[in-house]
Amino acid sequence: MLTNPPPQQPCHRAAAGALCGGGSAANQGESSRTQSPESLLDIAARKVAEKWPFQRVEERFERIPEPVQRRIVYWSFPRSEREICMYSSFNTGAGEEVGSGGESGDETRLPFRRGIALLESGCVDNVLQVGFHLSGTVRELATSSEPELLCNVSVSFDRCKITSVTCSCGNKDIFYCAHVVALSLYRVRKPEQVKLRLPISETLFQMNRDQLQKFVQYLITVHHTDVLPTAQKLADEILSQNSEINQVHGAPDPTAGASVDDENCWHLDEEQVQEQVKLFLSQGGYHGSGKQLNLLFSKVREMLMMRDSNGARMLTLITEQFMGDPRLALWRQQGTTMTDKYRQLWDELGALWMCIVLNPHCKPEQKAAWLRQLRRWNGVDVCPLEDGNHGSELINLTNALPQGPPDSLTRPHRTVFTRAIEACDLHWQDPHLQHIITEDHYNNYCYHDNLDGSLFDSRGWPLWHEHVPTACARVDALRSHGYPKEALRLAIAIVNTLRRQQQKQLELFRGHKKELLHRGVTSVTNLEGWVGHPLDPIGTLYITPLSFLLSPSGSCRRTENPVYTPFLEEGETFVLLAVETALIGLGQQRVMPDGLYAQEKVCRNEEQLLAKLQEVELDDTLVKILRKQATLLLEAGPYSGLGEVVYRESVPMHTFAKYLFTSLLPHDAELAYQIALRAMRLPVLESTAPSADLSRPQHIVSVVPNRYPRWFTLSHIESQQCELASTMLTAAKGDACKLHTVLESIQKNIHSSSHIFKLAQDAFKIATLMDSLPDLTLLKVSLELGLQVMRLTLSTLNWRRREMVRWLVTCATEVGVFALDNIMQNWFTLFTPTEATSVVASTIMSNSTIVRLHLDCNQQEKLANSARTLALQCAMKDPQNCALSALTLCEKDHIAFETAYQIVLDAASTGMNYTQLFTIARYMEHRGYPMRAYKLATLAMTHLNLSYNQDTHPAINDVLWACALSHSLGKNELAAVIPLVVKSVKCATVLSDILRRCTLTTPGMVALHSRRNSGKMMSLDKAPLRQLLDATIGAYINTTHSRLTHISPRHYSEFIEFLSKARETFLMAQDGHIQFTQFIDNLKQIYKGKKKLMMLVRERFG
């Protein structure tokens, strides 16, 4: 049976100083004991002071001699500074945090450090101990910003614990102020310098009537303003025969210590704990509130480690505030989830309750009270669920637990308290378990009830078969409650059980291997993975053996084990044990949990474990363990995340495999690549559905539902897969065979184009490092990946597509001219026609590319032929977007250029709009083909339609250019284009502009063939300008009527200006003046209701 904890021994000065940063003053009482044996009186008084309330001592003995009372009172004050440190700072009391010198600015402001400074500066005075009450004054010297402060401090204590504190500084905090610390440490360090008196009731007992009266009168006189009303009230009640005060025997004495019924615990300001937690929660994660709450949780763990009952008290207060957080109801009402950091705080809360209820020495009534409390919280609607989103439908998987009432243990939704509630049914009475945690040399020769061989392994060492997270929760509870050796013994038994289980699973798989591999799929998985589990079982098993190797500074001494080494093989160390445990846990094949938070926790927990593993320096023995576990994981089939066949929704092993790969690569490259290549798969993105297969051991569960999973962390997982592939590519540089294998794996397993593109870029960078010649094989891998990206994104929208295309051309350029020629010949499988002409072919044909490749004339011509062929093919497929590029690329080849031009003409009537045609027409003029430009411009005009109000249309410049081009070519060309203009353009201002330009110069003046120029100005009375003039006048008339339909007064002045421009056009005709006058008269008649406007018209035009 696990024995009850021994009473805490007095802490010697050296130890106290080391732990809590105590001063150098020696304890005079301790040093005197080193010179002579301790008296029997002191030994007895110290034991009584530790265990018995003074009231019980008084009740037991009729009269206690004064020397005995003095020694009991003397020894009743705490003798260790560690608890005082714990209650006066957030720090744990470890040497590295508060003990060494306090250079840190934050550290020096801790109440404990400040209290030591006050003590060592001689600021403590008037120290008096009256019974179980200590008082004194502490002077805090003035500073530049604060005046001198004199504080009156009093401390009550009982059975070596401070039970209440009071200080006039008005400190409002969870922990003791620096003044209380200074006074308490003065009593610890200088007990012989403290005036010690018996409880005041004993002193009063020794006085006669006259002395008592004098005592009371002097007391009232000194403090008459404070106590006189109270003194008179008490006197009246005492003189009244029937008063309540006369019904009670004796009188209270604040210096006489605690009564039998008082709980013996250190002073904890419950109100301040509640206020501080409420404040931190109200800050919503800002101002470091999350860090402060985590420090409070650490304080609870510290109290548990010290076996301080305030640990559970403090956690209860914290939990009540968490449950009262108004955001819980708000989030539930809005259907939103809590933040990740806040969610982690709830996880820690649940884990701490698990530790508390698993205390191996808690009393049944205590556990029953905690269970009622947990069930009350668990029943609240807003109580957060364990998976962070929705409740998992898992049954109670703690197989060792008896099934409880259906309303508590089998609820479909598991809250953060469910596991702690289930743990209340666990006990420590199992004889095998007791032997494991209490005996260093317990084996099968010591135990005769091992009929089925499950209690010990083949070496005779004990095993512990229990639901792994539950068993590890026992380990965590033992560590948390100050039983490190017991925790280690149980942890080793669990690890040995996992090792044996691993071997049995391997044997089971080998028996069904042929059948399973034939099917190619499996439904075997663990519903509850150990990594990412709310109880963090693997983290517990990892840290438990390593905690024996931690030095006071927190660093790990891995060169040797301490003397205490139970159940370790020869040459095995605690570091090896921890590392192998982490590898087993990380390699477990497990199903991805439901819900965003649970999935993020799996990733986060895995990364935390791997970060711890990376801190361990590898040596030959650790490499041997890595090899052993890597081999087992590869061969263990569906029971390993790295087995040949895994469940479709199994948690991927990319991050874990990357660690194994980098660790094993220098020692066993083949095994490293086997691991990494096996881990590259991501079956959840494959279309294959799971099906049932081989029989399963009891701890493995078959997942029946076949659904498309909601993997919220899929993007992160794919990033990790990409990182693994990139790591392999880097390592395989220079090895063509390995590079080919890695390339095949990437092409088979990575489905995200952005990640493949990243890998292609990574490979390109590695292959073209400046300090070495380019690695052509790796460049080809990079190009192959780039080509795959092109194929994947060809028919999908991707905002990085243009960048990808440009990069591919750059990569192909580095590979060589054959690669460039190849991508142009196969452009239709890789690029859109626009990309192929505007980016690919244009870049390849640029001077910079030709210079970069050092091409001769034949190679240049071959490349140019491929580019021209590509351009013509693209122009045929997409003339609208590729025709101009095709013409540009074919400029130097007459036949190709003519072919491209013919493609444009063929597409002009159907497939191209006026903008594209005008653009090509301008290009033709620029290249010296005015007639072809004219032809294309006329084709463009047939597609154009400008209405009367489109006087800012972007095509106006093109129309003006087309007319100017026609005018420059001659009268015939202008005569041919004007009917097209009249038909397409209805905007009066545009038509008048064209008309004005046509009358300024003679047609054909700038034409190449001057013989076509007649040398005469064209008449407005004859075609084609007469037609244009009539159309312009008609457009002005129509536009005027249209404007007047909906005109407003603010546009009147603008309208008058418009009529002025119209008059200019009217006057260009022979009878224009008469026409305009008739037009104005008609306006006055038709729109005579618009009096103000018509008045303006008359003023301007008569």
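At position 1020 of the sequence shown (counting the first as 1) the number is 1020 in full-length UniProt numbering, and the numbers step up by one without a gap.
We put the beta carbon where it would ideally sit given N, CA and C, even for glycine.
Since the model is a prediction, treat every value here as computed from it, not as a measurement.
Kindly indicate which residue of the options has the alpha-carbon position closest to the one of residue i.
{"i": "residue 454", "options": "500, 152 and 232", "result": "500"}
{"i": "residue 679", "options": "113, 643 and 237", "result": "643"}
{"i": "residue 346", "options": "387, 306 and 313", "result": "387"}
{"i": "residue 470", "options": "620, 355, 920 and 838", "result": "355"}
{"i": "residue 1059", "options": "891, 196 and 1099", "result": "1099"}
{"i": "residue 1168", "options": "124, 486, 122 and 254", "result": "The requested residue 1168 does not occur in the structure, where the chain is confined to residues 1 to 1102."}
{"i": "residue 544", "options": "828, 582 and 524", "result": "582"}
{"i": "residue 927", "options": "938, 888 and 964", "result": "888"}
{"i": "residue 84", "options": "145, 36, 750 and 189", "result": "189"}
{"i": "residue 232", "options": "220, 241 and 242", "result": "220"}
{"i": "residue 613", "options": "577, 717 and 292", "result": "577"}
Tell me the DSSP secondary structure of residue i in three-state form.
{"i": "residue 456", "result": "strand"}
{"i": "residue 894", "result": "helix"}
{"i": "residue 194", "result": "coil"}
{"i": "residue 1049", "result": "helix"}
{"i": "residue 392", "result": "Because residue 392 carries a pLDDT of 40, less than 50, the predicted location of this residue cannot be relied on, and no value is offered for it."}
{"i": "residue 42", "result": "helix"}
{"i": "residue 150", "result": "strand"}
{"i": "residue 681", "result": "coil"}
{"i": "residue 61", "result": "coil"}
{"i": "residue 156", "result": "strand"}
{"i": "residue 133", "result": "strand"}
{"i": "residue 73", "result": "helix"}
{"i": "residue 822", "result": "helix"}
{"i": "residue 710", "result": "coil"}
{"i": "residue 849", "result": "helix"}
{"i": "residue 125", "result": "strand"}
Using the Cα positions of residue i and residue j, report the straight-line distance between them to the nearest angstrom.
{"i": "residue 771", "j": "residue 727", "result": "20 Å"}
{"i": "residue 55", "j": "residue 239", "result": "28 Å"}
{"i": "residue 1043", "j": "residue 1087", "result": "12 Å"}
{"i": "residue 88", "j": "residue 266", "result": "12 Å"}
{"i": "residue 86", "j": "residue 483", "result": "19 Å"}
{"i": "residue 467", "j": "residue 537", "result": "10 Å"}
{"i": "residue 817", "j": "residue 858", "result": "12 Å"}
{"i": "residue 502", "j": "residue 756", "result": "36 Å"}
{"i": "residue 793", "j": "residue 801", "result": "7 Å"}
{"i": "residue 825", "j": "residue 885", "result": "17 Å"}
{"i": "residue 619", "j": "residue 743", "result": "32 Å"}
{"i": "residue 435", "j": "residue 441", "result": "9 Å"}
{"i": "residue 460", "j": "residue 569", "result": "12 Å"}
{"i": "residue 256", "j": "residue 58", "result": "10 Å"}
{"i": "residue 302", "j": "residue 135", "result": "28 Å"}
{"i": "residue 546", "j": "residue 187", "result": "37 Å"}
{"i": "residue 1028", "j": "residue 874", "result": "40 Å"}
{"i": "residue 849", "j": "residue 921", "result": "30 Å"}
{"i": "residue 788", "j": "residue 684", "result": "21 Å"}
{"i": "residue 830", "j": "residue 784", "result": "12 Å"}
Classify residue i as buried or exposed, calling it buried when 16 or more other Cβ atoms lie within 10 Å of its own Cβ.
{"i": "residue 1071", "result": "exposed"}
{"i": "residue 166", "result": "exposed"}
{"i": "residue 207", "result": "exposed"}
{"i": "residue 958", "result": "buried"}
{"i": "residue 593", "result": "buried"}
{"i": "residue 481", "result": "buried"}
{"i": "residue 713", "result": "buried"}
{"i": "residue 720", "result": "buried"}
Q | Inter-stretch contact at 8 Å, needing at least 3 Cβ pairs: the stretch 596-604 / the stretch 487-502 | A | no
Q. Taking three-plus beta-carbon pairs below 8 Å as touching, is the stretch 724-742 in contact with the stretch 648-668?
A. yes
Q.
Does the contact criterion of 3 or more C-beta pairs under 8 Å hold for the stretch 377-385 versus the stretch 413-421?
A. yes
Q. Should the stretch 862-878 be called in touch with the stretch 831-838, which here means at least 3 C-beta pairs below 8 Å?
A. yes
Q) Are at least three pairs of beta-carbons, each pair with one atom in the stretch 1034-1042 and one in the stretch 938-947, less than 8 Å apart? A) no
Q | Stretch-stretch touch, CB-based, cutoff 8 Å, three pairs: the stretch 267-282 with the stretch 222-229 | A | no
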